[in-house]
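S.K.: For the sequence shown, position 136 matches number 136 in the numbering used here, and the numbering has no gaps at all. Every residue gets a Cβ at the ideal spot worked out from N, C-alpha and C, and that includes glycine. Once you've had a glance at the structure underneath, I'll fire off some questions.
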Amino acid sequence: MLILYTADTPNGQKITIALEELGLPHQVHHLNLSAGEQHQAPFSVMSPNHKIPLLVDDTTPIFESGAILIHLADRAGKLLPASGVERSVALQWLFLQAAHIGPMLGQLWFFRHGVAKGSPRNEQALERYGRETLRLLGVLEERLRDKAYLAGDEYTIADIASFPWIRSHHELGVTPADFPAVADWVERIAARPAVQRGLAAAKP
């Protein structure tokens with residue numbers, strides 16, 4: 001049995017989407033991050049970093065969303081090539097999300113929306129993370145101009161990883177029309193029934 005511990009965040013949404021796309025039987029336990037449940041047992045014992053998502057496969061806990069996506073895709077034999085260059089191409093776009101897209105867009109969102117009311121705007125942080133967000137969207141735009149999906153012609157976990165972060169880029173002060181290929185990619189993925197079910201499943 002697969003048991004997912006998660007919350008309604010982009011990293012949490014990745015896994016609920018993947019589980020729906022793969023059709024794997026599972027249970028979902030939602031954590032209240034504001035109440036600090038991620039720092040309480042039993043979750044804190046299973047997740048060394050005290051972060052969601054966490055997947056328990058039988059008795060083995062797996063943390064880090066990228067590792068979970070690879071595990072699920074390999075388990076189901078879908079959404080990730082089994083070997084060769086095709087697998088490496090998909091993984092490089094998956095790792096781009098984990099190393100760059102998530103951290104940069106997450107910081108920009110925090111400095112735009114997450115700081116306490118009344119706190120001064122950190123213009124240096126907004127400029128730094130805003131500039132890097134635009135650069136990364138440009139990387140995706142160039143890739144998607146002549147590719148249906150990030151790994152090429154096939155939809156993979158690389159798309160699932162980036163989609164939850166990119167789908168709300170208008171909240172980061174980005175105009176979707178500035179990145180038309182990205183906007184089209186977002187629209188096509190958002191229309192997938194499993195994606196819609198996965199987004200709904202992430203909500204408590």
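Please list, in chain order, all residues of the same chain as G173 whose beta carbon is under 6 Å from its beta carbon, the five residues on each side excluded.
M.R.: Residue 173 sits at position 173 when you count from the first residue of the sequence shown. Here the set comprises nothing.
S.K.: Taking the alpha helix (DSSP H) that V85 belongs to, which residues open and close that run?
M.R.: For the purposes of this step, residue 85 is taken as residue 85 along the sequence shown, with counting starting at 1. Looking at the DSSP string, the run of the alpha helix (DSSP H) that includes V85 is 84-96.
S.K.: With a cut-off of 8 Å on the beta carbons, I'd call I70 and I157 a contact; round off their distance for me.
M.R.: As a working mapping, residue 70 is identified with position 70 in the sequence shown. As a working mapping, residue 157 is identified with position 157 in the sequence shown. The Cβ separation is near 7 Å, so the contact holds.
S.K.: Does the beta-carbon distance from I205 to E37 come in below 8 Å?
M.R.: Limits of the chain in this structure are 1 at one end and 204 at the other, which puts residue 205 out of reach.
S.K.: For D184 and E142, I'd like the C-alpha separation in whole angstroms.
M.R.: For the purposes of this step, residue 184 is taken as residue 184 along the sequence shown, with counting starting at 1. For the purposes of this step, residue 142 is taken as residue 142 along the sequence shown, with counting starting at 1. Going by the C-alpha atoms only, they are around 13 Å apart.
S.K.: Could you give the distance in angstroms between the alpha-carbon of A76 and the alpha-carbon of G23?
M.R.: For the purposes of this step, residue 76 is identified with residue 76 of the sequence shown, where counting begins at 1. For the purposes of this step, residue 23 is identified with residue 23 of the sequence shown, where counting begins at 1. Straight-line Cα distance between these residues: approximately 9 Å.
S.K.: Throw me the rounded Cβ distance for the A202 and G12 pair, which I believe falls under 8 Å.
M.R.: By 1-based counting over the sequence shown, the position of residue 202 is 202. By 1-based counting over the sequence shown, the position of residue 12 is 12. Sure, about 5 Å apart at Cβ, within 8 Å.
S.K.: Distance check for V195 and I189, CA to CA, integer angstroms please.
M.R.: Here residue 189 is taken as the residue at index 189 of the sequence shown, counted from 1. Here residue 195 is taken as the residue at index 195 of the sequence shown, counted from 1. Roughly 7 Å between the two C-alpha positions.
S.K.: Can you tell me whether Y129 is helix, strand or coil according to DSSP?
M.R.: Looking up residue 129 in the sequence shown gives position 129. Three-state DSSP puts Y129 in a helix.
S.K.: Do the CB positions of M46 and P61 come within less than 8 Å of each other?
M.R.: For the purposes of this step, residue 46 is taken as residue 46 along the sequence shown, with counting starting at 1. For the purposes of this step, residue 61 is taken as residue 61 along the sequence shown, with counting starting at 1. In contact: M46 and P61 (Cβ atoms closer than 8 Å).
S.K.: How close, in whole Å, do the beta carbons of I15 and T6 come, if the pair is a contact with beta carbons under 8 Å?
M.R.: Position 15 of the sequence shown holds residue 15. Position 6 of the sequence shown holds residue 6. Their Cβ separation, rounded to whole angstroms, is 6 Å, which keeps I15 and T6 in contact under 8 Å.
S.K.: Looking at W93 and A151, is the spacing between their C-beta atoms short of 8 Å?
M.R.: Within the sequence shown, the letter at position 151 stands for residue 151. Within the sequence shown, the letter at position 93 stands for residue 93. Cβ atoms of A151 and W93: closer than 8 Å.
S.K.: In this structure, how does DSSP classify I157 when only helix, strand and coil are distinguished?
M.R.: Your numbering for residue 157 matches position 157 in the sequence shown. Residue state, collapsed to three classes: helix.
S.K.: What separation, rounded to the nearest whole angstrom, lies between the Cα atoms of V216 and H50?
M.R.: With the chain running from 1 to 204 in the structure shown, residue 216 is simply not present.
S.K.: L55 lies in the alpha helix (DSSP H); which residues open and close that run?
M.R.: The residue you call residue 55 lines up with position 55 of the sequence shown. Unbroken run through L55 is the beta strand (DSSP E), 54-57; no alpha helix (DSSP H).
S.K.: If L54 sits next to F63, beta carbons under 8 Å apart, how far is it from one beta carbon to the other, in whole angstroms?
M.R.: Your numbering for residue 54 matches position 54 in the sequence shown. Your numbering for residue 63 matches position 63 in the sequence shown. With a Cβ gap of about 5 Å, L54 and F63 count as contacting.
S.K.: Quick check: what's the CA-CA separation for R197 versus A18?
M.R.: Here residue 197 refers to the residue found at position 197 of the sequence shown. Here residue 18 refers to the residue found at position 18 of the sequence shown. Going from the Cα of R197 to the Cα of A18 covers about 10 Å.
S.K.: Pull the bridge partners of Y3 from the DSSP assignment, please.
M.R.: Numbered from its first residue, the sequence shown carries residue 3 at position 3. It is Ile, not Tyr, that sits at residue 3 in the sequence shown. Answer is Q27, V56.
S.K.: Going by DSSP in three states, G198 sits in which element: helix, strand or coil?
M.R.: Start at 1 with the first residue of the sequence shown, and residue 198 comes out as number 198. Here G198 sits in helix by DSSP.
S.K.: Run through the DSSP bridge pairs and tell me what I62 is partnered with.
M.R.: Here residue 62 is taken as the residue at index 62 of the sequence shown, counted from 1. Answer is L55, bridged to I62.
S.K.: When DSSP labels each residue in this structure, what does G118 get in the three-state scheme?
M.R.: Along the sequence shown, read from residue 1 onward, the residue named residue 118 stands at position 118. It is coil, neither helix nor strand.
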